[in-house]
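To keep things clear, I will list the structure first and then write my remarks on it.
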Amino acid sequence: MNHEFWQLKQENGYGEKHLKEKDYKTLCSLMDALSIARIGEVQREFIRKDLIGMADEAEHHGETLAETLGEEPNQWCASVIAAGMRAPWWEGLLNVLYEMVQFSLFISVWEWVETAAYQRNIFVCDFVAWTILGALCSCFINYIYPHFATKPGTKGVAYFGIAFISFFVFDHWLTKLGGPILPVEQWAVVAITATLLCLLWLMRRVHQTREYHRQKIEEPNYARSKS
Amino acid sequence: MYDRSQLMRGTLEGCILQLLHEKVTYGYEIVTRLQQFGFYELKEGTIYPLLLRLEKKQMIHAEYKTSPFGPMRKYYSLTPKGETLRIEFSACWAEVSNTVNAILHKGETEDEP
């Protein structure tokens, strides 16, 4: 498994930091619009790299990125999608599944710790309910309101915050939901969720590596060693 | 007023292919050259999706190279497939422009004594 895609992400993060405030904001709104528009993650990173290059070029000529674009972010993204840049449907599904299970793992570990104190069993309905909640959070953060978490790391904090608050709100309701449908030991729920997460992580990684090599653009070797 | 941009858009792809046939170049320079030829309102952001599409269809090839002032630039060159498309476009454009010119100037020639 290579790390070139992660290196590209890092390079983009580094390049973004050196942009002017105005250009950075334009870039963020463009990336938001692209993420809603179901453009693949790898493709998005390549476009981000090009946009950073465009912003640098614009700055060199005394212009801003917005002026160079000549269109509104949403309109510009529509042109990019029209160019045939849409990701396959299953990539989006894989991402949502990954985030759902990530959320579920967090909750199942939390419940494992909590139930150890209160002697309550985790039921499969708990797992299902948390997964649905995870899916709703994922849709909210990624598709409905992506401005909610645009800066690096804020998405993780947002997930943690939502999980933490909703845990206290829903836990009482979940306990009252009824008797055990399929009572499972706490450790088993954690183990199943963790295995599922590893599997999905691996699938995403393989897909990203494949996509990266398919779309990779040649560049001088010294430029790669720069970072 | 007639929307000039609609007409321009349809021919832009062929013009870009022609510019790339002349030399390997990058986005900003393509725009500057197109502006010099009369595409005054054109921006780099307008041609970017077009270049992406041509790249995806393997009509052009992209490569990153360092620019004199530091950051990497994406240089585009024509592929054999792109060269074929350029030749086809030139022939097609000659035909269409001849037809349109003939229709537009028909009245003028008929009016002459």
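Heads up: the sequence lines are chains U and B, in that order.
The numbering used here puts the first residue of the first sequence at 69, with every later residue one more than the last.
The numbering used here puts the first residue of the second sequence at 10, with every later residue one more than the last.
Ideal Cβ positions, reconstructed from N, Cα and C, are used throughout, including at glycine.
Review point. Do we get a CB-CB distance below 8 Å when we pair G91 of chain B with the residues of chain U?
Key: Here the question's residue 91 of chain B lines up with position 82 in the second sequence. So, not an interface residue.
Exercise for review: Count the other C-beta atoms from every protein chain shown that fall within 10 angstroms of the C-beta of P248 of chain U, then say buried if there are 16 or more, exposed otherwise.
Suggested key: Translated into positions along the first sequence, residue 248 of chain U becomes position 180. Any reading at P248 of chain U must be qualified, since the residue scores a pLDDT of 47, below 50, and its modelled position is unreliable; the value itself is stated next. So P248 of chain U ends up on the exposed side.
Check your understanding: What residues from chain B crowd round A155 of chain U, counting only those whose CB sits closer than 8 Å?
Key -> Position 87 of the first sequence, counted from the first residue, corresponds to residue 155 of chain U. Those within 8 Å of A155 of chain U in chain B number zero; the least Cβ separation is about 13 Å.
Review point. Candidates B:A71, B:Q67, B:L21, B:E50: which alpha carbon is nearest D118 of chain U's?
Key: Against the first sequence, residue 118 of chain U aligns to sequence position 50. The shortest C-alpha separation from D118 of chain U is found at B:A71.
Review point. By Cβ distance below 8 Å, which residues in the same chain neighbour Y84 of chain B in space, the five residues on each side in sequence not counted?
Key: On the second sequence, position 75 is the one that residue 84 of chain B refers to. Counting only Cβ-Cβ distances below 8 Å, and skipping sequence neighbours, we find V33, T34, Y35, A71, E72, Y73, K74.
Exercise for review: Put I285 of chain U into one of helix, strand or coil per three-state DSSP.
Suggested key: The count along the first sequence starts at 1 and reaches residue 285 of chain U at position 217. Three-state result, I285 of chain U: coil.
Check your understanding: Exposed or buried, A123 of chain U, counting other C-beta atoms within 10 Å across all chains shown (16 or more means buried)?
Key -> Start at 1 with the first residue of the first sequence, and residue 123 of chain U comes out as number 55. A123 of chain U is classed as buried because its beta carbon has at least 16 other beta carbons within 10 Å across all chains shown.
**Study point:** Beta-carbon gap between E167 of chain U and G54 of chain B smaller than 8 Å
**Key:** Locating residue 167 of chain U in the first sequence gives position 99, where the first residue counts as 1. Locating residue 54 of chain B in the second sequence gives position 45, where the first residue counts as 1. Contact flag unset, no.
Practice item. Kindly indicate which three-state DSSP category S4 of chain B falls into: helix, strand or coil? Key: Nothing in the structure corresponds to residue 4 of chain B, since chain B is present only between 10 and 122.
Review point. Do R41 of chain U and L162 of chain U have their C-beta atoms within less than 8 Å of each other?
Key: With chain U covering only 69 through 295, there is no way to say anything about residue 41 of chain U.
Practice item. Out of U:Q111, U:E79, U:E89, state which residue places its alpha-carbon closest to the alpha-carbon of H275 of chain U. Key: Against the first sequence, residue 275 of chain U aligns to sequence position 207. Of the candidates U:Q111, U:E79, U:E89, U:Q111 places its Cα closest to the Cα of H275 of chain U.
Check your understanding: I249 of chain U CB to nearest chain B CB: under 8 Å?
Key -> By 1-based counting over the first sequence, the position of residue 249 of chain U is 181. Here I249 of chain U scores only 43 on pLDDT, less than 50, and its place in the model should not be relied on; the value that follows carries that caveat. So, not an interface residue.
Practice item. Leaving aside the five residues before and after K90 of chain U along the sequence, list all residues of the same chain whose C-beta is less than 6 Å from its C-beta, in chain order. Key: By 1-based counting over the first sequence, the position of residue 90 of chain U is 22. Excluding sequence neighbours, K90 of chain U sits near T132.
Check your understanding: For G81 of chain U versus R82 of chain B, is the C-beta distance shorter than 8 Å?
Key -> Locating residue 81 of chain U in the first sequence gives position 13, where the first residue counts as 1. Locating residue 82 of chain B in the second sequence gives position 73, where the first residue counts as 1. Cβ atoms of G81 of chain U and R82 of chain B: not closer than 8 Å.
Review point. Would you report the Cα separation of L250 of chain U and E72 of chain U, rounded to the nearest angstrom?
Key: Taking the first sequence and counting its residues from 1, the one referred to as residue 250 of chain U is at position 182. Taking the first sequence and counting its residues from 1, the one referred to as residue 72 of chain U is at position 4. Confidence at L250 of chain U is low in this model, with a pLDDT of 47, below 50, so its placement is unreliable and no value can be given for it.
Check your understanding: Does the distance from the CB of K52 of chain B to the CB of L137 of chain U come in under 8 Å?
Key -> Here residue 52 of chain B refers to the residue found at position 43 when the second sequence is read from its first residue. Here residue 137 of chain U refers to the residue found at position 69 when the first sequence is read from its first residue. Against a cut-off of 8 Å, the Cβ pair of L137 of chain U and K52 of chain B comes out as a contact.
Point to revise | Opening and closing residue of the beta strand (DSSP E) in which I104 of chain U lies | key: Position 36 of the first sequence, counted from the start, is the residue given in the question as residue 104 of chain U. It is not in any beta strand (DSSP E) - I104 of chain U instead sits in the alpha helix (DSSP H) that spans 89-104.
**Study point:** Alpha-carbon to alpha-carbon, H128 of chain U and E38 of chain B
**Key:** Taking the second sequence and counting its residues from 1, the one referred to as residue 38 of chain B is at position 29. Taking the first sequence and counting its residues from 1, the one referred to as residue 128 of chain U is at position 60. Rounded to the nearest angstrom, the two C-alpha atoms are 13 Å apart.
Check your understanding: Between U:Q78, U:I107, U:V169, which lies nearest to W158 of chain U when the distance is taken from Cα to Cα?
Key -> Numbered from 1 along the first sequence, position 90 holds the residue referred to as residue 158 of chain U. Minimum Cα distance to W158 of chain U is reached at U:I107.
Exercise for review: Taking L28 of chain B and R42 of chain B to be in contact with their CB atoms under 8 Å, please state how far apart those CB atoms are, rounded to whole angstroms.
Suggested key: Residue numbering aside, residue 28 of chain B sits at position 19 when the second sequence is read from its first letter. Residue numbering aside, residue 42 of chain B sits at position 33 when the second sequence is read from its first letter. Confirmed, Cβ separation roughly 6 Å.
Practice item. Identify whether A151 of chain U lies in helix, strand or coil by the three-state DSSP scheme. Key: To locate residue 151 of chain U, count along the first sequence from 1; it is residue 83. Correct three-state label for A151 of chain U: coil.
Exercise for review: Within the same chain, show all residues whose beta-carbon is closer than 7 Å to that of G83 of chain U, passing over the 5 residues directly before and after it, in chain order.
Suggested key: Against the first sequence, residue 83 of chain U aligns to sequence position 15. Within the same chain, G83 of chain U has close Cβ partners I120.
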